[in-house]
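Notes for the one structure printed next.
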Amino acid sequence: MEMPAPDARIMAKKAKLVSRLQQVLPKDAVIHDEFETRAYECDALTAYKCPPLCAVLPSSTEEVAAVLKICHEEGVPVVPRGSGTSLAGGALPTADCVILGVAKLSAVLETNYDDRYIRVQTGRTNLSVTGAVEENDFFYAPDPSSQLACAIAGNIAMNSGGAHCLKYGVTTNNLLGVTMVQMDGTIVEIGGAYLDAAGYDLLGIICGSEGQMGVVTEATLRILRKPEGARPVLMGFDDNEVAGACVADIIKAGVLPVAIEFMDRPVIRATEAFAGAGYPDCEALLIVEVEGSPQEIDDQLAKIMDIARKHNPVELRESTSAEESAKIWLGRKSAFGAMGQINDYMCLDGTIPVSELPYVLKRIGELSKQYGLDVGNVFHAGDGNMHPLILFNANKEGDLELCEAMGADILRLCVEVGGCLTGEHGVGIEKRDLMFDQFAPEDLEAQMKVKDVFDPKWLLNPAKVFPLSATETRRAG
1 MEMPAPDARI
11 MAKKAKLVSR
21 LQQVLPKDAV
31 IHDEFETRAY
41 ECDALTAYKC
51 PPLCAVLPSS
61 TEEVAAVLKI
71 CHEEGVPVVP
81 RGSGTSLAGG
91 ALPTADCVIL
101 GVAKLSAVLE
111 TNYDDRYIRV
121 QTGRTNLSVT
131 GAVEENDFFY
141 APDPSSQLAC
151 AIAGNIAMNS
161 GGAHCLKYGV
171 TTNNLLGVTM
181 VQMDGTIVEI
191 GGAYLDAAGY
201 DLLGIICGSE
211 GQMGVVTEAT
221 LRILRKPEGA
231 RPVLMGFDDN
241 EVAGACVADI
251 IKAGVLPVAI
261 EFMDRPVIRA
271 TEAFAGAGYP
281 DCEALLIVEV
291 EGSPQEIDDQ
301 LAKIMDIARK
311 HNPVELREST
321 SAEESAKIWL
331 GRKSAFGAMG
341 QINDYMCLDG
351 TIPVSELPYV
361 LKRIGELSKQ
371 YGLDVGNVFH
381 AGDGNMHPLI
391 LFNANKEGDL
401 ELCEAMGADI
411 LRLCVEVGGC
421 LTGEHGVGIE
431 KRDLMFDQFA
441 PEDLEAQMKV
451 KDVFDPKWLL
461 NPAKVFPLSA
471 TETRRAG
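Given below as C-alpha cells:
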C-alpha cells in the first residue's frame with residue numbers, strides 16, 4: 001500500500017481533530033477554514049505570522065478542559081490566546097497547533113466589596129474589570145496601555161503592569177486565585193479569595209508563566225477603594241539623562257507617586273500630533289501623579305516639584321482640573337498608537353534599576369547612532385520598566401534584522417546593569433534566545449523541570465520562553 005503524501009496525512013489529522021472538537025463545542029466555535037484561521041496567525045508582534053491548524057473559542061472552563069483533553073490525546077500543541085495584544089509573540093501559533101481563544105469567557109462571576117475582590121472569567125478585558133465595580137467607588141489597579149483591549153488571561157500570563165504599578169504593583173500583586181486547566185484536561189483551583197494560600201506558592205509560578213503551565217479560565221482579583229483624589233504634574237527637560245536623574249532623585253527622596261511616566265522628543269511630537277494633549281516641545285517629558293486627600297496631594301507635589309526645580313526643567317505644570325489631568329494621560333496612553341501612525345517600530349520591554357536610568361538612556365542613544373535606527377523612549381520610569389521603540393522600515397530588506405540586533409543589544413544592556421529581559425510583555429518568541437544572557441544553563445534547566453511537571457509532553461504554548469533548541473529536545477522526549 002502506498003503511504004499518503006505528507007499533506008494528505010496532515011489533512012487527515014486535521015479532519016480527525018476538527019471532528020473530535022466539534023463533538024465537545026458548538027460547530028461555530030471551531031474555526032478551521034484556511035482563510036478564517038488567518039485572523040489568528042499573529043498577535044501584536046506582527047513581524048511574525050503562522051496560520052494555526054485551527055482555532056477554538058470555548059465558552060466555559062469545562063469546554064476548555066474538553067478541548068485540552070482531546071489535544072493531549074492527539075498530541076496536538078495548544079497556544080492559549082487572550083486578546084492577541086502580546087508584543088513579544090506570546091500568542092504566535094505554530095503550523096501544527098490549535099489556538100485556544102478565551103474571548104467568550106468574559107463574565108463577572110462574583111463581586112465582594114467587604115473582602116475587596118472580584119472573580120471573573122479571564123477573557124474579560126482589563127478596563128472592564130474596573131468598569132464592573134467603579135459605581136461602588138472601587139477599581140482594579142493594574143492598567144497596561146492596552147487595557148481597553150487586553151484580556152485578564154494575557155495579563156496573568158505576562159504578569160502585566162501599567163502606569164500605576166509603581167504604587168499598586170503588577171498583576172501578581174493583585175491576583176488572589178485562579179481556576180486553571182492543565183494540558184490533560186484536569187481542572188485545578190489555586191489560591192482563593194484571601195491574602196495567602198496554604199502550602200507552596202503555586203500562584204507565583206502561574207502568574208508570568210506565559211501559558212506554559214495551563215490555561216487560566218477564571219481569576220480572583222483584588223479590588224481597591226478609589227483614592228479621594230489624584231493629580232499629575234507635567235515636567236519638561238532639555239536632556240533625557242537629566243530627566244532620568246530627576247526620576248532617580250524622586251525615588252531616592254522616599255516620595256511614592258502613584259506613577260512616573262517618561263517620554264522623549266520623538267514620542268512627545270507623535271503623541272502631540274495624535275492626541276493634542278498640550279505637551280511642551282522638549283527633549284524629555286515626565287508625568288508624575290500622586291493621590292490622596294487634597295492636603296496629601298499638595299504636600300507630595302510640593303516635594304516633587306522642589307526636586308524637579310533642581311534639574312532646571314523647561315516646563316513645570318501642575319494640573320488644575322480633572323479635564324486637564326485626563327488630557328495629560330490621554331497623550332501617554334496614546335503613545336504607542338501615535339508612533340505606529342508615523343513608522344513601523346518594535347517595542348522592547350526591559351527592566352533596570354532606577355538609578356541606572358541616566359546611563360541606560362545615554363547608551364540607547366549611542367546604539368541608535370551605531371545602528372542608524374531612530375529610537376523613541378516611552379516607559380514606566382518609576383519602576384525602571386523601559387519601553388524603547390526602535391523605528392525601522394518593514395519594507396526595506398534587512399531593516400527588521402537590524403532592528404532585532406539592536407533590540408538584543410538594548411536588552412543585554414538591561415541585564416548588564418542589574419535588570420532583566422522583561423518587565424511586563426513576557427519573553428514569548430522575541431527574547432527566548434536571549435534567555436542564556438539572563439540565566440545560566442542550570443538555572444534554565446531548573447525552570448524547564450517545573451514545566452515538565454505541569455506539561456510533560458511540552459504541548460502548551462510551544463516554542464516560547466525557552467530557547468528553541470531546548471524546547472525541541474524536550475518535545476522529542
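In UniProt numbering, the protein residues as written are 1 to 477.
C-beta: ideal position from N, C-alpha, C; glycine also.
Q) Mapping DSSP to helix, strand and coil, what is F200? A) The identity of residue 200 in the sequence shown is Tyr, whereas the question assumes Phe. Three-state result, Y200: coil.
Q: Output the distance between the C-alpha atoms of Q295 and P232, rounded to the nearest integer angstrom.
A: The alpha-carbon atoms of Q295 and P232 are separated by roughly 15 Å.
Q. In three-state DSSP terms, what is I152?
A. Three-state result, I152: helix.
Q: With a 10 Å radius around its C-beta and 16 neighbouring C-beta atoms as the bar for buried, classify D143 as buried or exposed.
A: Under this definition D143 is a buried residue.
**Q.** Three-way DSSP call (helix, strand, coil) for R38 in this model
**A.** When DSSP states are grouped into helix, strand and coil, R38 belongs to the helix group.
(Q) If distances are taken between C-alpha atoms only, which option among V290, V378, K457, E324 comes closest to F262? (A) Taking only the C-alpha atoms, the option nearest F262 is V378.
Q.
Please classify N395 as buried or exposed, where buried requires at least 16 other C-beta atoms within 10 Å of its C-beta.
A. N395 should be labelled exposed.
**Q.** Straight-line Cα distance separating G236 from P467
**A.** Rounded to whole angstroms, the separation of the alpha carbons of G236 and P467 is 41 Å.
**Q.** CA nearest to the CA of residue 480, picked from A163, G208, V170, E218
**A.** In the structure displayed, the chain extends from 1 to 477; residue 480 sits before or after that span and is not available.
Q) Taking three-plus beta-carbon pairs below 8 Å as touching, is the segment 239–256 in contact with the segment 352–364? A) With contact defined as three or more Cβ pairs closer than 8 Å, the segment 239–256 and the segment 352–364 are in contact.
Q. Nearest to V120 by alpha carbon, out of S106, V24, A243?
A. The shortest C-alpha separation from V120 is found at S106.
Q.
Taking 6 Å as the limit between beta carbons, can you name the residues of its chain near G426, skipping five residues before and five after?
A. Same-chain partners within the cutoff: A88, G90, M158, E210.
Q: Would you mind listing the alpha helix (DSSP H) stretches within the segment 103–174 that are 4+ residues and don't spill past its ends, in chain order?
A: Within the segment 103–174, complete alpha helix (DSSP H) segments of at least 4 residues are found at 126–133, 152–158, 165–168, given in chain order.
Q: Compare the Cα-Cα distances from L224 to each of T111, E41, G191, D184 and report the closest residue.
A: With distances taken between Cα atoms, L224 lies closest to T111.
Q: Out of M183, T171, K226, T186, point me to the one whose CA is closest to L203's CA.
A: The candidate whose alpha carbon is nearest that of L203 is T171.
Q.
How far does the alpha helix (DSSP H) with R474 in it extend, from its first residue to its last?
A. Element bounds for R474: 468–476.
**Q.** Coarse secondary structure for G337, derived from DSSP in three states
**A.** Three-state result, G337: helix.
Q.
Less than 8 Å between the beta carbons of residue 495 and G278, yes or no?
A. Absent from the structure is residue 495, since the part of the chain shown begins at 1 and ends at 477.
Q: Locate the beta strand (DSSP E) running through T271, then write down its first and last residues.
A: Not the beta strand (DSSP E): T271 falls in the alpha helix (DSSP H), residues 265–275.
Q: Express the C-alpha separation of N173 and Q447 in angstroms, rounding to a whole number.
A: Rounded to whole angstroms, Q447 to N173 spans 21 Å at the Cα level.
(Q) Considering just the uninterrupted stretch of the beta strand (DSSP E) at F392, what are its terminal residues? (A) Going by DSSP, F392 is part of the beta strand (DSSP E) stretching over 388–392.
Q: Tell me whether L148 is buried or exposed, calling it buried when 16 or more other Cβ atoms sit within 10 Å of its Cβ.
A: Classification of L148: exposed, given that the 10 Å Cβ count is below 16.
**Q.** Closest Cα partner of I342 within the set T320, E135, V267, V30
**A.** Closest option to I342, judged by alpha-carbon separation, among T320, E135, V267, V30: V267.
**Q.** Cβ pair M213, K451 closer than 8 Å
**A.** Yes, they are a contact pair.
Q: Check the C-beta distance from V102 over to T122 and give it rounded, since I have them as a contact under 8 Å.
A: At roughly 6 Å, the Cβ-Cβ gap stays under 8 Å, so V102 and T122 are in contact.
(Q) Quick check on the burial criterion: 16 or more other C-beta atoms within 10 angstroms. Buried or exposed for S146? (A) Its Cβ being crowded by 16 or more others within 10 Å, S146 is buried.
**Q.** Chain-order list of residues whose beta-carbon lies under 6 Å from that of A335 (same chain, five-residue window excluded)
**A.** So the list reads V267, T271, V378, once near-sequence residues are dropped.
Q. Which runs of the beta strand (DSSP E) spanning at least 3 residues fall entirely within the segment 171–248, listed in chain order?
A. Segments of the beta strand (DSSP E) lying fully in the segment 171–248: 175–181, 187–191, 215–222, 230–237.
(Q) Closer than 8 Å is the cut-off here; do at least three beta carbon pairs connect the segment 58–76 with the segment 24–44? (A) With a cut-off of 8 Å on Cβ pairs, the segment 58–76 is in contact with the segment 24–44, counting three or more such pairs.
Q. What is the C-beta distance between P93 and C50, in whole angstroms, given that I count them as a contact (C-beta under 8 Å)?
A. Between C50 and P93 the Cβ distance is about 5 Å, and since that is below 8 Å, they are a contact.
Q.
Among the candidates P80, A243, E366, whose CA atom is the shortest distance from the CA of N155?
A. Here the closest residue by C-alpha is P80.
Q.
Tell me which residue opens and which closes the beta strand (DSSP E) that A95 is part of.
A. Premise fails: A95 is in no beta strand (DSSP E) and is neither H nor E.
Q. Just curious, the alpha helix (DSSP H) that C414 is in, first and last residue?
A. Element bounds for C414: 399–416.
Q) T351 by DSSP, collapsed to three states: which one? A) Looking at T351 - three-state DSSP - the assignment turns out to be strand.
**Q.** Option nearest residue 483 by Cα separation, candidates I307, F274, N126, L460
**A.** Since the first residue of the chain shown is 1 and the last is 477, residue 483 is not available in this structure.
Q: Give the single residue among I304, N312, L402 whose Cα lies nearest to the Cα of M346.
A: Taking M346 as reference, the option from I304, N312, L402 with the minimal CA-CA separation is L402.
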